[in-house]
Amino acid sequence: MNIVIANWKMNPGSVAEAKKLATSVEHGLMGIDKQKVEVVICPPFVFLPALKHALHFAHLGAQDVAHEAKGAFTGGVSAAQLAEFGVKYVIIGHSERRALGESDELIAAKLKNALAQSLQPILCVGFGAQKGAATEAVKSILKRQLEVVPKGQRLVVAYEPVWAIGTGQPATVAHAREMIQFIESEVPGVQGIYGASVDRHNAAEFAAAGIAGALVGSASLAHHEFLEIIKDFSH
Ligand code: PGA
Numbered sequence: 006m007n008i009v010i011a012n013w014k015m016n017p018g019s020v021a022e023a024k025k026l027a028t029s030v031e032h033g034l035m036g037i038d039k040q041k042v043e044v045v046i047c048p049p050f051v052f053l054p055a056l057k058h059a060l061h062f063a064h065l066g067a068q069d070v071a072h073e074a075k076g077a078f079t080g081g082v083s084a085a086q087l088a089e090f091g092v093k094y095v096i097i098g099h100s101e102r103r104a105l106g107e108s109d110e111l112i113a114a115k116l117k118n119a120l121a122q123s124l125q126p127i128l129c130v131g132f133g134a135q136k137g138a139a140t141e142a143v144k145s146i147l148k149r150q151l152e153v154v155p156k157g158q159r160l161v162v163a164y165e166p167v168w169a170i171g172t173g174q175p176a177t178v179a180h181a182r183e184m185i186q187f188i189e190s191e192v193p194g195v196q197g198i199y200g201a202s203v204d205r206h207n208a209a210e211f212a213a214a215g216i217a218g219a220l221v222g223s224a225s226l227a228h229h230e231f232l233e234i235i236k237d238f239s240h
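In my numbering, the protein residues as written are 6 to 240.
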């Protein structure tokens with residue numbers, strides 16, 4: 006089944022707006038074939054309670070999780086806390102967190118904690134890739150970032166070329182497909198999806214190329230646009 010994930014990042018500005026956006030998405034989902042696509046919304050932590058009551062079809066996701074299971078970690082939210090609350094998915098290793106210094110070792114620890122609590126990780130790879138770099142150079146970055154995945158583990162891996170995030174200029178479908186095929190051959194059992202500047206104008210092309218989903222940032226903040234993207238992945 007395809008999967009479309011909203012990464013709201015540090016948006017919107019208020020709980021009222023968060024509720025409104027989630028409710029509008031839910032409303033639009035009524036006309037979509039739920040056998041074909043799974044929808045996940047990852048709001049900032051503080052909006053999780055409001056969304057829990059607003060979502061019925063879409064699943065709750067978190068944008069991050071602590072690397073330790075419990076204890077004195079100021080600012081941390083543990084995998085057990087997220088699972089107990091009813092969160093199903095968690096984004097791990099997003100470029101915006103790797104840019105703050107998250108290492109593969111830290112990401113491996115987060116992944117381990119998430120899996121121990123039966124959270125479904127959405128592992129992001131592609132940080133460090135350069136626009137126009139040789140395919141082999143990008144693959145070697147991906148290979149290293151994929152080493153954190155335990156053998157035989159089924160999870161979602163989002164190929165997010167960092168140079169395309171938030172630019173309005175996604176990777177070409179051919180490039181995305183090649184990298185996702187590489188990811189799926191490196192780590193059998195994972196579901197490779199694409200993220201970085203996916204919007205309602207280009208989503209259909211990624212879907213038509215057989216890419217099994219998208220991680221959507223800015224285009225997930227307008228419900229009409231996000232619903233168009235979901236529709237494109239629901240055929
Ligand atoms: P974008 O963000 O869709 O705004 O490029 C994607 C992401 O960072 O996950």
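Don't be surprised by glycine CBs; every beta carbon is placed ideally from N, CA and C.
V221 and S19 have their C-alpha atoms spaced approximately 20 angstroms apart. Shown here for A121: same chain residues with a beta carbon closer than 7 angstroms to its own, the five before and five after excluded, namely A84 in chain order. DSSP places P126 inside the beta strand (DSSP E), whose first and last residues are Q125 to V130. Separation of G133 and Y164 (C-alpha to C-alpha, rounded to the nearest whole angstrom) is 12 angstroms. Counted as a single uninterrupted DSSP element, the alpha helix (DSSP H) harbouring A213 occupies residues A208 to A213. Between I10 and G66, the gap from beta carbon to beta carbon is short of 8 angstroms.
Checking the 7 angstroms criterion, the Cβ of G171 is within range of a heavy atom belonging to the ligand PGA. Beyond the five residues adjoining it in sequence on each side, F187 comes within less than 7 angstroms, by CB distance, of K144 and L147 in the same chain, given in chain order.
V51 counts as exposed, since fewer than 16 other C-beta atoms from the protein chains shown sit within 10 angstroms of its C-beta.
A distance criterion of 7 angstroms places the beta-carbon of N12 in contact range of the ligand PGA, judged by its closest non-hydrogen atom.
Sequence-distant partners of H228 (beyond 5 residues in either direction) whose C-beta falls short of 7 angstroms from its own C-beta, in its chain, are L26, S29, V30 and G33. Under a 10 Å Cβ-count criterion, K236 is classified as buried, with 16 or more other Cβ atoms of the shown protein chains found around its own Cβ. Here the C-alpha atom of G194 lies approximately 15 angstroms from the C-alpha atom of I8. Contact between R103 and D69 fails: their C-beta atoms lie close to 11 angstroms from each other, not under 8 angstroms.
Counting only residues of its own chain and dropping the five nearest sequence neighbours on each side, K41 has a CB closer than 8 angstroms to the CB of M6, N7, F238, S239 and H240. L65 carries a strand assignment under DSSP once its states are collapsed to helix, strand and coil.
In the three-state DSSP reduction, N12 falls in the strand class (E or B).
Short of 7 angstroms from the beta carbon of F211, and not among the five residues preceding or following it, lie these beta carbons of its own chain, in chain order: V178, A181, Y199, V203 and A219.
In the displayed model, I96 falls within a strand according to three-state DSSP. Exposed is the label assigned to E152, since fewer than 16 other Cβ atoms lie within 10 Å of its Cβ. The Cβ neighbour count for H58, taken over all protein chains shown within 10 Å, is under 16; the residue is labelled exposed. Assignment of beta-bridge partners to G200 by DSSP yields L220.
Between Q150 and V167, the C-beta gap is not smaller than 8 angstroms, which leaves the two residues out of contact. In the DSSP assignment, I234 falls outside any beta strand (DSSP E) and within the unbroken alpha helix (DSSP H) covering H228 to D237. If you keep only unbroken beta strand (DSSP E) runs of at least 3 residues inside the stretch 34-84, you get 42-47 and 64-67.
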